[in-house]
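All remarks here apply to the structure that follows.
Numbering (the working numbering), first residue to last: 1 to 232.
Okay, structure coming up:
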């Protein structure tokens with residue numbers, strides 16, 4: 001038998017995070033069907049606080065995260081190394097500010113970000129050859145920008161990830177780790193953000209942090225007191 005309090009917790013995960021549908025249907029979407037990245041939920045909620053309307057984004061590895069960023073940023077460039085997936089994304093990832101490119105695995109892949117002299121405010125390393133991608137990402141990170149390294153908990157078993165993190169930290173970036181559950185998985189992982197020391201992105205709301213999903217203080221006073229009384 002489960003307590004009512006525990007069932008309320010499960011209901012929040014099912015309804016507010018839509019985790020059951022995400023796992024069963026293998027989709028990276030929120031409860032309203034909006035695309036979200038395959039990062040941890042704490043990382044997604046943190047990143048969603050900022051205004052990217054004047055920012056450019058580069059992704060090593062595309063997917064629903066590309067849609068997420070395209071809905072927020074001024075420009076998004078995403079790299080795919082699998083030709084079959086690239087053909088699929090060509091029809092599914094369509095937005096006027098989104099460019100999806102195919103670059104074969106190898107030096108061509110990690111050097112895709114060096115094809116122009118453009119710097120990017122947000123760079124996501126979430127595809128192949130992450131060590132090499134971290135090296136080139138540091139060369140194209142705009143002043144005050146951030147680099148996102150997903151699945152960074154693999155550092156515990158992977159030499160590639162140990163080198164990737166070392167590269168980013170040696171570039172003077174500040175590491176903040178976001179542990180937790182993520183879409184489509186029934187286990188936890190980690191998404192790490194590496195901040196320039198002069199990071200100062202504007203927020204969407206006038207205050208930070210904003211209330212996250214299921215937060216008690218997002219409720220009105222009366223509803224909050226009632227919820228607390230029934231679940232203490």
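Where a beta carbon is used, it is the ideal one built from N, C-alpha and C, also for glycine.
All of these numbers come straight from a predicted model, not from anything done at the bench.
The beta strand (DSSP E) enclosing residue i, as first and last residue numbers
{"i": "residue 208", "result": "Looking at the DSSP string, residue 208 is not in any beta strand (DSSP E), and its letter there is neither H nor E."}
{"i": "residue 216", "result": "Segment: none, residue 216 is in no beta strand (DSSP E) and carries neither H nor E."}
{"i": "residue 121", "result": "120–125"}
Residue i, enclosing alpha helix (DSSP H) - first and last residue
{"i": "residue 24", "result": "19–25"}
{"i": "residue 66", "result": "64–70"}
{"i": "residue 201", "result": "Neither: residue 201 is in no alpha helix (DSSP H) and is coded neither H nor E."}
{"i": "residue 137", "result": "130–139"}
{"i": "residue 53", "result": "Taken as a continuous stretch (DSSP letters only), residue 53 belongs to no alpha helix (DSSP H), as it is neither H nor E."}
{"i": "residue 168", "result": "159–170"}
{"i": "residue 79", "result": "Run containing residue 79: none in the alpha helix (DSSP H); it sits in the beta strand (DSSP E), 75–80."}
{"i": "residue 108", "result": "107–110"}
Through-space distance from residue j to residue i, alpha-carbon basis
{"i": "residue 95", "j": "residue 2", "result": "46 Å"}
{"i": "residue 48", "j": "residue 104", "result": "31 Å"}
{"i": "residue 171", "j": "residue 128", "result": "21 Å"}
{"i": "residue 51", "j": "residue 112", "result": "26 Å"}
{"i": "residue 14", "j": "residue 183", "result": "12 Å"}
{"i": "residue 90", "j": "residue 68", "result": "16 Å"}
{"i": "residue 45", "j": "residue 212", "result": "7 Å"}
{"i": "residue 161", "j": "residue 193", "result": "14 Å"}
{"i": "residue 144", "j": "residue 135", "result": "17 Å"}
{"i": "residue 155", "j": "residue 223", "result": "43 Å"}
{"i": "residue 133", "j": "residue 141", "result": "12 Å"}
{"i": "residue 43", "j": "residue 53", "result": "19 Å"}
{"i": "residue 35", "j": "residue 28", "result": "6 Å"}
{"i": "residue 79", "j": "residue 137", "result": "13 Å"}
{"i": "residue 131", "j": "residue 190", "result": "17 Å"}
{"i": "residue 167", "j": "residue 201", "result": "23 Å"}
{"i": "residue 39", "j": "residue 173", "result": "20 Å"}
{"i": "residue 120", "j": "residue 93", "result": "20 Å"}
{"i": "residue 56", "j": "residue 65", "result": "14 Å"}
{"i": "residue 30", "j": "residue 17", "result": "6 Å"}
{"i": "residue 177", "j": "residue 157", "result": "17 Å"}
{"i": "residue 210", "j": "residue 216", "result": "12 Å"}
Rounded Cβ spacing between residue i and residue j (contact assumed at less than 8 Å)
{"i": "residue 81", "j": "residue 109", "result": "5 Å"}
{"i": "residue 98", "j": "residue 76", "result": "5 Å"}
{"i": "residue 5", "j": "residue 231", "result": "5 Å"}
{"i": "residue 146", "j": "residue 196", "result": "7 Å"}
{"i": "residue 41", "j": "residue 180", "result": "5 Å"}
{"i": "residue 83", "j": "residue 102", "result": "6 Å"}
Per-residue DSSP class, three states only, for residue i
{"i": "residue 85", "result": "helix"}
{"i": "residue 43", "result": "helix"}
{"i": "residue 36", "result": "coil"}
{"i": "residue 190", "result": "strand"}
{"i": "residue 142", "result": "strand"}
{"i": "residue 179", "result": "strand"}
{"i": "residue 31", "result": "coil"}
{"i": "residue 48", "result": "coil"}
{"i": "residue 234", "result": "Past the boundaries of the shown model lies residue 234; the chain is included only from 1 to 232, so the question cannot be answered."}
{"i": "residue 59", "result": "strand"}
{"i": "residue 150", "result": "strand"}
{"i": "residue 174", "result": "strand"}
{"i": "residue 98", "result": "strand"}
- [ ] Answer yes if the segment 193–212 comes into contact with the segment 60–69, meaning at least three C-beta pairs across the two stretches below 8 Å, and no otherwise.
- [x] no
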